[in-house]
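Working notes for the structure below.
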Amino acid sequence: MRLTDCYNFHDFRRMAKRRLPGPIFDYIDGGADDEVTYRRNTAAFEACDLVPDVLRGVADVDMSVTVMGQKLAMPVYCSPTALQRLFHHQGERAVAAAAAKHGTMFGVSSLGTISLEEARQISNGPQVYQFYFHKDRGLNREMMVRAKNAGVQAMMLTVDSITGGNRERDKRTGFAIPFKLNLAGMTQFAIKPSWAIDWLTHERFRLPQLENHVKMDGGALSISRYFTEMLDPSMSWDDVAEMVREWGGPFCLKGIMSVEDAKRAAEIGCSGIVLSNHGGRQLDGSRSAFDQLAEIVDAVGDRIDVMMDGGVQRGTHVLKALSLGAKAVGLGRYYLFPLAAAGQPGVERALETMRTEIERGMKLMGCTSVSQLSRRNLRFRS
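So the sequence shown is numbered by the numbering used here: it starts at 177 and just counts up by one.
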């Protein structure tokens with residue numbers, strides 16, 4: 177299977193599955209518990225129909241949006257995700273370059289595998305830094321200072337991960353960082369030698385944002401213990417309000433799902449929120465972001481930029497979210513599978529495919545700008 181054979185999310189996923197050892201593929205592909213929420217995230221879009229207008233003169237389409245003061249050439253962005261060089265040796269370098277080429281935003285994670293500073297050198301376009309709230313308040317402040325010094329415009333605090341989700345696919349193979357695979361997991365690595373060659377012939381795996389706190393030598397803190405031991409489950413709204421003040425710029429909360437929390441985010445001065453259930457990887461049985469979108473936009477959409485992620489696989493999914501009032505839509509697995517399959521060319525092809533689908537969809541909807549999309553163009557199935 178070649179990259180030129182990939183025309184949609186499912187093609188990229190199949191190509192990634194052929195290349196990756198099973199435990200790593202399942203780390204990307206899996207969700208928590210019974211993976212109900214993971215499946216529901218995409219299914220939610222299928223319960224909504226588009227109602228197009230015709231004869232609207234759509235020769236030229238402007239799909240640009242402005243989010244937290246940053247202009248994006250298209251209304252999707254690459255959500256921050258962890259451990260990207262585990263999937264392909266280019267990792268965040270590929271994603272940063274592809275996002276820059278397409279004029280959209282990307283994010284570097286606290287658990288990113290290249291430094292904030294390097295990512296900023298690759299792309300001077302819209303960028304966010306995604307971080308977690310640590311028990312060590314000094315570390316939290318250090319992260320914000322480092323991001324500001326690197327030239328990052330917006331901070332994105334993930335608030336739905338004070339402990340790790342129950343990801344049973346990883347447990348079955350013994351997947352962990354550092355690697356502690358069981359026999360079943362090791363066997364799956366053995367039958368995918370190209371990944372191992374890629375891993376062994378490139379630079380050492382690092383977590384530059386946390387390398388003084390989480391080491392990869394097997395004798396220090398593992399990723400799973402990072403979530404259970406370093407993150408602070410006592411995080412409160414007062415803590416976040418203090419960070420918003422200290423940052424003094426665009427500040428976004430990722431993982432908001434209730435109207436009450438959305439209102440509170442606006443009250444403490446946040447510039448944006450991302451409706452997200454972490455791709456179904458945290459609380460299984462939670463509602464999809466798309467299903468929650470309308471009531472949260474109605475509650476706070478005039479005060480704060482509302483974004484969403486989860487289950488987005490098509491340009492029409494994006495159009496539905498924009499029609500409900502989302503300012504932009506985050507992509508996760510949508511670009512991770514192409515990254516795993518082919519590095520930067522894969523991510524570029526995926527983003528170009530999404531751009532083409534959104535443009536085509538807008539023309540078929542009779543819209544020349546994102547602002548023309550509205551709930552008038554939607555019908556929900558009972």
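Glycine included, every Cβ here is placed at the ideal spot set by N, Cα and C.
Within 10 angstroms of the beta-carbon of V321 lie fewer than 16 other beta-carbons, which makes it exposed. Leaving aside the five residues that flank Q520 on each side, the residues in its chain whose CB is nearer than 7 Å to its CB run, in chain order, Q266, A270, A273 and A274. For V450 and V284, the gap between their C-alpha atoms comes out near 16 Å. Counted as a single uninterrupted DSSP element, the beta strand (DSSP E) harbouring M483 occupies residues D481 to D485. Contact annotation: T349 and G461 have beta-carbon atoms that are not nearer than 8 Å.
Beyond the five residues adjoining it in sequence on each side, V230 comes within less than 8 Å, by CB distance, of G542 in the same chain, given in chain order. Assigned with DSSP and collapsed to three states, D460 falls in coil, not helix or strand. The straight-line gap separating the alpha-carbon atoms of E268 and R536 is approximately 29 Å. For Q385, the secondary structure class from DSSP, reduced to helix, strand or coil, is coil. Boundaries for I290: no beta strand (DSSP E) harbours it, and the DSSP string shows neither H nor E there.
For M538, the enclosing alpha helix (DSSP H) covers residues Q520 to M541. DSSP places Q468 inside the alpha helix (DSSP H), whose first and last residues are A465 to V476. Looking only at Y511, L495 and L515, the smallest Cα-Cα distance to R552 is reached by L495. Counting along the chain, the unbroken beta strand (DSSP E) around R555 starts and ends at L554 to F556. Membership of L196 in any alpha helix (DSSP H) is not indicated, and neither H nor E is assigned to it by DSSP.
With fewer than 16 other beta carbons inside 10 angstroms of its own, H186 counts as exposed. Just so you know, the alpha carbons of M244 and D481 end up roughly 7 Å apart. Looking from the CA of M191, the closest CA among K368, A276, L287 and A249 belongs to K368. In this structure, V473 keeps its C-beta atom at 8 Å or more from the C-beta atom of V252.
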